[in-house]
Amino acid sequence: MNRILPIFLITMFTSYSASAVSEGNAPIAFAAVIKDQAAAAAAIKLIEKQHLPLENAGIENLQFFTQKIADKDIILATMDMNESAPSKIPDNAWTQITGAPLFKDAFAQLNQNLLPHPRNPGTEKSPWVRAETICVIRPDNAAPISKNDHPWYAAVTGLKKEKEAEYRLLHNNVWPGVVDAIGASNINRFDIFLIELGDPEKNQPYLFYLFQYTGKDFDKDMAAQSNSPVNQRWWKFTDACQQPLPAAAAEKKVWLDMKKLP
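Numbering (mature numbering (1 follows the signal peptide of the UniProt record, and there is no 0)), first residue to last: -20 to -1, 1 to 242.
See the structure below:
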């Protein structure tokens, strides 16, 4: 993808419609560093076989994505935590669910092939650190979900540290036309997560977006976003806050696509 709009801070629980996720669900993401991608992918295949029990335990739409960031292979786990989660605190719920008897072997296999996020340098802690959810958008004008395998997309870009406050303020007052453009392109849900990665001394924040596409002509719908006059004006403000990764900048992109695992 060439780019998808870098949208809005609302709050973790705000939505424009409930068409994409059940009421009460909260989009959550955790990040870690991959040590062995092939072995991690094999573990994720085992985890995916447990998707129905995971939903009953409190985790829906569990996805894993990866991309090289700051010379490290980063893994991002995204999910919706529903009302069945054993704790209202996402970190605690994630720890309890992944450590439950039904799931612990598969998640242990995955964790063995990860390195901890810099916030959790010791082996006694989980390698996962939760990202901040800074965007939850549920447009009411996208094509509705009609099957179980609508594709998911994720991408990453850097956030200029000196522009973080400005970026957040911009996303406290997102233009309605931007939200409409997302839905018109058949993106029925759009979330953004923020977490710092790389050298802890640099404390460099990164933005990750996640969306689900429910349309039938992806290229046409994405081109419509770039052609939107409202988006073009909006991006002039948001682009100034972002720092594309080198691989994205080389192709004159803002966002770098992530690979879905396995």
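Backbone N, C-alpha and C fix where the C-beta goes; we use that ideal spot for every residue, glycine too.
- Since Phe10 sits in a beta bridge, which residues does DSSP pair it with? To locate residue 10, count along the sequence shown from 1; it is residue 30. For Phe10, which the question treats as bridged, DSSP gives the partners Ala57, Arg110.
- Message: Cutting at 6 Å between CB atoms, please list the residues of its own chain near Ala12, excluding the five before and the five after it.
- Response: Your numbering for residue 12 matches position 32 in the sequence shown. Cβ within range, chain order: Ile55, Leu94, His97, Pro107, Trp108.
- Item | Contact set for His130: own chain, Cβ-Cβ below 7 Å, skip 5 residues either direction | Indexing the sequence shown from 1 puts residue 130 at position 150. So the qualifying residues of the chain are Gln192, Tyr193, Thr194.
- Taking all protein chains shown into account, decide if Leu138 is buried (16 or more other Cβ within 10 angstroms of its Cβ) or exposed. Walking along the sequence shown from the start, residue 138 turns up at place 158. Checking the sequence shown, residue 138 turns out to be Gly, not Leu. Counting Cβ neighbours within 10 Å, Gly138 comes out buried, since at least 16 surround it.
- Item | For Tyr193, the residue or residues it bridges with in DSSP | Indexing the sequence shown from 1 puts residue 193 at position 213. Beta-bridge pairing by DSSP links Tyr193 to Ile167.
- Item | According to DSSP, residues forming a beta bridge with Ile69 | Here residue 69 corresponds to residue number 89 of the sequence shown, with the count starting at 1. None; Ile69 has no bridge partner.
- By the 10 Å Cβ neighbour count, where 16 or more other Cβ atoms means buried, how is Glu40 classified, buried or exposed? For the purposes of this step, residue 40 is identified with residue 60 of the sequence shown, where counting begins at 1. Answer is buried; the Cβ neighbour count reaches 16.
- Query: Just checking, does the segment 22 to 34 make contact with the segment 107 to 126 on the three C-beta pairs under 8 Å criterion?
  - Reply: Contact between the segment 22 to 34 and the segment 107 to 126 is absent: fewer than 3 CB-CB pairs across the two stretches fall below 8 Å.
- Message: Here's the rule: buried if 16 or more other CB atoms are within 10 angstroms of the residue's CB, otherwise exposed. What is Asp197?
- Response: Here residue 197 corresponds to residue number 217 of the sequence shown, with the count starting at 1. Result: exposed.
- Within this structure, are the beta carbons of Ala111 and Phe188 separated by less than 8 Å? For this step, residue 111 is matched to residue 131 along the sequence shown. For this step, residue 188 is matched to residue 208 along the sequence shown. A contact, by the Cβ cut-off of 8 Å.
- Query: Excluding sequence positions up to five away, which residues of its chain have a Cβ less than 6 Å from the Cβ of Gly157?
  - Reply: Your numbering for residue 157 matches position 177 in the sequence shown. Closer than 6 Å at the Cβ level, and outside the excluded window around Gly157, lie Val210.
- How big is the Cα-Cα spacing for Pro66 and Thr75? For the purposes of this step, residue 66 is identified with residue 86 of the sequence shown, where counting begins at 1. For the purposes of this step, residue 75 is identified with residue 95 of the sequence shown, where counting begins at 1. When rounded, the distance between both Cα atoms is 10 Å.
- Item | Nearest-angstrom Cα separation, counted from Thr78 out to Ala88 | Here residue 88 is taken as the residue at index 108 of the sequence shown, counted from 1. Here residue 78 is taken as the residue at index 98 of the sequence shown, counted from 1. Using only the alpha carbons, I get a separation of about 8 Å.
- Item | Coil, strand or helix - Leu225 by DSSP | Working through the sequence shown from its first residue, we reach residue 225 at position 245. Looking at Leu225 - three-state DSSP - the assignment turns out to be coil, as it is neither helix nor strand.
- Inter-residue Cα distance where the pair is Pro8 and Leu190: The sequence position of residue 8 within the sequence shown is 28, counting from 1. The sequence position of residue 190 within the sequence shown is 210, counting from 1. The sequence shown places Ile at residue 8, rather than the Pro named in the question. Distance between the alpha carbons of Ile8 and Leu190 is about 11 Å.
- With distances taken Cα to Cα, identify the nearest neighbour of Tyr133 among Asn121, Arg213, Pro226, Met238. Position 153 of the sequence shown, counted from the first residue, corresponds to residue 133. Comparing Cα positions, the closest option is Met238.
- Message: Restricting to runs no shorter than 4 residues, where is the alpha helix (DSSP H) found entirely within the segment 14 to 52?
- Response: Fully enclosed alpha helix (DSSP H) runs of 4 or longer: 17 to 28, 31 to 37.
- Query: Out of Cys221, Leu241, Ala228, which has the shortest C-alpha to C-alpha gap to Lys141?
  - Reply: In the sequence shown, residue 141 corresponds to position 161, counting from 1. The residue with the shortest Cα to Cα distance from Lys141 is Cys221.
- Task: Using alpha carbons as the reference points, say which of Ala123, Ile175, Ser165, Lys182 lies closest to Ala199.
- Result: By 1-based counting over the sequence shown, the position of residue 199 is 219. In the sequence on display, residue 199 carries Asp and not Ala. Selected option, being the one with the closest Cα: Ser165.
- Message: Taking DSSP's pairing of strands, which residues face Gly138 in a bridge?
- Response: What you label residue 138 is simply residue 158 of the sequence shown in a count that begins at 1. Per DSSP, Tyr186, Gln223.
- When you compare each of Asp51, Ala6, Ile14 to Gly178 by their alpha carbons, which one comes out closest? The residue you call residue 178 lines up with position 198 of the sequence shown. Closest by alpha carbon: Asp51.
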